[in-house]
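Participant:
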Amino acid sequence: MKNLKFTTEKIEDFTLSGDFDQLCNLCGCTGAEIQPDVEYVNNKDVKSLCLSIYCSSKECRNLSYYDFLLENKLTASASVEDFIPLPKGLKIICNQCGNQDIQVKVKMEQSGFKYVCDLVNVSLSCSCGNCAQHQFLGKYF
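In terms of our numbering, the sequence shown opens at residue 1059 and continues consecutively.
#1: So what does DSSP say about Val-1096, is it helix, strand or coil?
#2: Can you find the residues in the same chain that come closer than 8 angstroms, C-beta to C-beta, to Leu-1177, ignoring five residues on each side of it along the sequence?
#3: Looking only at its chain, what residues have a beta carbon closer than 6 angstroms to the beta carbon of Leu-1121, apart from the 5 residues adjacent to it on each side?
#4: Grab me the residues of Phe-1126's own chain with a C-beta within less than 6 angstroms of its C-beta, minus the 5 sequence neighbours each way, in chain order.
#5: Could you name the residues of the same chain whose beta carbon sits closer than 8 angstroms to that of Cys-1189, not counting the 5 residues immediately before and after it, in chain order?
#6: List the endpoints of the continuous beta strand (DSSP E) containing Tyr-1112.
#7: Please confirm whether Glu-1097 and Lys-1068 have their CB atoms less than 7 angstroms apart.
#8: With H, G and I counted as helix, E and B as strand and the rest as coil, what does DSSP make of Glu-1139?
#9: Which residues share a DSSP beta bridge with Val-1174?
#10: Using beta-carbon positions only, say whether Asn-1153 and Asp-1079 come within less than 7 angstroms of one another.
#11: My understanding is that Ile-1142 touches Tyr-1123, with C-beta atoms under 8 angstroms, so please give their C-beta distance in whole angstroms.
#12: Answer with buried or exposed for Ser-1114, where buried requires no fewer than 16 other C-beta atoms within 10 angstroms of its C-beta.
#13: Quick check: the Cα distance between Glu-1070 and Asn-1130, rounded to an integer number of angstroms?
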């Protein structure tokens, strides 16, 4: 298998966009992009999944990231507060209730191509029910 790459996607462009504000703690930009990065063993088994949240400003590129420990069903979750900031990170805030404790859930699946988990489902959710979801499809290069 060749390298599998995932593109970045703005949170407001998610398939189900939800109602979240994003704020860069470095430049003040109000947009964020998410990109998964998957590491494979033996060209098909998932070793690790890292999710990065980037500032949308091309001049800034401040980010936060988190390395997920996937369970047997290739799922995992974490709070946005658990993401590691480089250098100052980003805030994601629920517009419906003002909560900053946003949960991030990931799930890997197969699209059916070469029996590799090349789909990453990402959801951002708040305890009030506000939710954003997107499915990232890896591209083979």
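C-beta atoms are modelled at their ideal positions from N, C-alpha and C, and glycine is treated no differently.
Facilitator: Short version:
#1: Translated into positions along the sequence shown, residue 1096 becomes position 38. Three-state result, Val-1096: strand.
#2: Translated into the one-based positions of the sequence shown, residue 1177 becomes position 119. Around Leu-1177: Met-1166, Glu-1167, Gln-1168, Ser-1169, Gln-1193, Phe-1194, Leu-1195 and Gly-1196.
#3: By one-based count along the sequence shown, residue 1121 stands at place 63. Around Leu-1121: Ser-1110, Tyr-1112 and Leu-1144.
#4: Looking up residue 1126 in the sequence shown gives position 68. For Phe-1126, where only same-chain residues beyond five positions count, the Cβ hits under 6 angstroms are Leu-1107, Ala-1134 and Val-1164.
#5: Working through the sequence shown from its first residue, we reach residue 1189 at position 131. Around Cys-1189: Leu-1074, Gly-1076, Ser-1181, Leu-1182 and Ser-1183.
#6: Your numbering for residue 1112 matches position 54 in the sequence shown. Element bounds for Tyr-1112: 1103 to 1113.
#7: For the purposes of this step, residue 1097 is taken as the residue at position 39 of the sequence shown. For the purposes of this step, residue 1068 is taken as the residue at position 10 of the sequence shown. Contact: no.
#8: Position 81 of the sequence shown, counting from 1, holds the residue named residue 1139. Three-state DSSP puts Glu-1139 in a helix.
#9: For the purposes of this step, residue 1174 is taken as the residue at position 116 of the sequence shown. Val-1174 pairs with nothing; no bridge assigned.
#10: As a first step, residue 1153 must be located in the sequence shown, where it is residue number 95. As a first step, residue 1079 must be located in the sequence shown, where it is residue number 21. Against a cut-off of 7 angstroms, the Cβ pair of Asp-1079 and Asn-1153 comes out as a contact.
#11: The residue labelled residue 1142 in the question sits at position 84 within the sequence shown. The residue labelled residue 1123 in the question sits at position 65 within the sequence shown. Correct: roughly 6 angstroms between the Cβ atoms.
#12: The residue given as residue 1114 occupies position 56 in the sequence shown. Result: buried.
#13: Numbered from 1 along the sequence shown, position 12 holds the residue referred to as residue 1070. Numbered from 1 along the sequence shown, position 72 holds the residue referred to as residue 1130. Taking the straight line joining both Cα atoms gives about 30 angstroms.
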